[in-house]
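Student: Position 93 of the sequence shown, counting from 1, maps to 402 under our numbering, and the rest follow consecutively. Handing you this structure, nothing more for now.
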Amino acid sequence: MEPNLATSIGPISLDRPVMLASGILGISLDVFNRLYRSGAGAVVTKSLSTEPWEGYPNPTIFSVKGGGWINAVGLSNPGAEYFAKMIEPNKDVPIIVSLVGSIPEDFEKMIKQFENCKVTAYELNLSCPHVAKVGLEVGDDPELVKKIVRTVKNSTNVPVIAKVGLGTTHYLNTVGTAIESGIDAITAINTVRSMAIDVQTQRPILSNKFGGLSGTPIKPIALRCVYEISSKYDIPIIGCGGISDWEDAVEFFLAGASAVQLGSAIGDNWIDVFNEINTGISQYMKKKNYSKIEEMVGLAKKS
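Take a look at the structure:
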């Protein structure tokens with residue numbers, strides 16, 4: 310009997326445990342359908358704002374020596390209203406809508422715009438490390454996190470996820486505040502604030518100077534965060550950060566995640582990576598005599 314790859318993240322049920330992370334390819338319904346057919350359990354949209362954002366001028370992305378990327382795209386997006394109309398025809402794909410804003414009213418307004426859409430969950434971006442007044446600056450303010458989460462929970466019956474990252478406030482405190490305010494699940498982590506300098510021009514490479522590091526270099530950090538969250542709180546977790554193969558995914562399950570997201574890995578293996586990881590997870594489960602994902606979740610904490 311083949312292992313069952315279905316998983317539950319609190320009230321969210323998915324047929325497969327590997328999702329597209331926010332920020333890459335989350336731009337059109339055609340792409341979402343293709344990703345779903347290629348093995349993604351869900352797709353997370355680009356982070357959407359109340360109005361269209363242009364983002365930063367080039368250069369916005371830098372390839373790190375030894376692997377990984379630093380990006381400061383600036384949360385460019387067409388705006389929530391446009392995006393909601395674009396995905397309204399969706400019937401089949403589990404779509405998690407990522408939202409970014411600076412005040413509770415921003416999130417409340419955007420959720421109303423998705424009322425006629427099939428949305429699996431909302432993911433609140435409380436952790437983008439390179440855009441002022443949103444993302445990590447919001448996540449570092451416990452009172453603001455509390456108000457935003459409560460406002461969103463009062464505005465929808467759809468499950469709500471908080472995506473946390475590494476800021477000036479300890480991320481575990483942000484998680485705790487979100488849980489106290491009624492959040493349904495946590496995604497950990499976002500990209501890590503970083504930079505690169507051109508030794509010839511002697512200037513920062515990115516137009517914004519600072520960006521977010523993603524890819525394999527941050528995997529051990531993300532894994533540690535998932536383990537710590539799982540050890541301290543009883544909350545469903547989605548692991549994110551540097552996942553590139555099935556072994557990475559299984560590590561996150563063992564640390565306490567019930568599902569994972571990936572982004573940078575698509576740059577190496579294109580969308581085939583979803584089926585490749587699903588197949589690897591299934592083979593591992595068969596070898597270990599696991600019938601369900603949940604049988605692996607958090608096992609590393611018992612050693």
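Beta carbons: idealized from backbone N, C-alpha and C, even for Gly.
Quick check: the stretch 589 to 600 against the stretch 564 to 576, are there 3 or more CB pairs under 8 Å?
Tutor: Touching, no, given that fewer than three Cβ pairs across the two stretches are closer than 8 Å.
Student: Nearest to L357 by alpha carbon, out of I333, V373 and N399?
Tutor: Sequence index remark: in the sequence shown, residue 357 carries index 48 (1-based). Selected option, being the one with the closest Cα: I333.
Student: Can you check DSSP and say which residues form a bridge with V501?
Tutor: Residue numbering aside, residue 501 sits at position 192 when the sequence shown is read from its first letter. Paired residue(s): L522.
Student: In the DSSP assignment, find the beta strand (DSSP E) that holds F371 and state where it starts and stops.
Tutor: Walking along the sequence shown from the start, residue 371 turns up at place 62. Per DSSP, F371 belongs to the beta strand (DSSP E) from I370 to S372.
Student: Please report the straight-line C-alpha distance between K611 and G476, rounded to a whole angstrom.
Tutor: Position 302 of the sequence shown, counting from 1, holds the residue named residue 611. Position 167 of the sequence shown, counting from 1, holds the residue named residue 476. If I take the Cα positions, the gap works out to 29 Å.
Student: What would DSSP say about P438, mapped onto helix, strand or coil?
Tutor: Here residue 438 refers to the residue found at position 129 of the sequence shown. Note: P438 maps to coil in three-state DSSP.
Student: Of the choices A568, M310, F519 and Y536, whose alpha-carbon is the least far from that of T369?
Tutor: By one-based count along the sequence shown, residue 369 stands at place 60. That would be F519, whose Cα lies nearest to the Cα of T369.
Student: So which of K427, D554, G383 and P387 has the shortest CA-CA distance to P398?
Tutor: Mapped onto the sequence shown, residue 398 falls at position 89. If we check each option's Cα against that of P398, K427 comes out closest.
Student: How do the stretch 450 to 459 and the stretch 493 to 508 stand: do at least 3 beta-carbon pairs fall below 8 Å, yes or no?
Tutor: No contact exists between the stretch 450 to 459 and the stretch 493 to 508.
Student: If you draw a straight line from the alpha carbon of G589 to that of W555, how long is it in whole angstroms?
Tutor: Mapped onto the sequence shown, residue 589 falls at position 280. Mapped onto the sequence shown, residue 555 falls at position 246. C-alpha separation (whole angstroms): 5 Å.
Student: Would E489 be called buried (16 or more neighbouring beta carbons within 10 Å of its own) or exposed?
Tutor: Along the sequence shown, read from residue 1 onward, the residue named residue 489 stands at position 180. E489 should be labelled exposed.
Student: Are the CB atoms of I547 and A568 within a distance shorter than 7 Å?
Tutor: For the purposes of this step, residue 568 is taken as residue 259 along the sequence shown, with counting starting at 1. For the purposes of this step, residue 547 is taken as residue 238 along the sequence shown, with counting starting at 1. Against a cut-off of 7 Å, the Cβ pair of I547 and A568 comes out as a contact.
Student: How do the stretch 568 to 581 and the stretch 316 to 334 stand: do at least 3 beta-carbon pairs fall below 8 Å, yes or no?
Tutor: Cβ pair count under 8 Å is three or more, so yes.
Student: Name, in chain order, the residues that DSSP records as bridge partners for C549.
Tutor: Reading the sequence shown from its first residue, position 240 is the one you call residue 549. Beta-bridge pairing links C549 to Q570.
Student: Identify the residues that DSSP records as bridge partners of K601: which are they?
Tutor: Here residue 601 corresponds to residue number 292 of the sequence shown, with the count starting at 1. In DSSP, K601 forms a bridge with N313.
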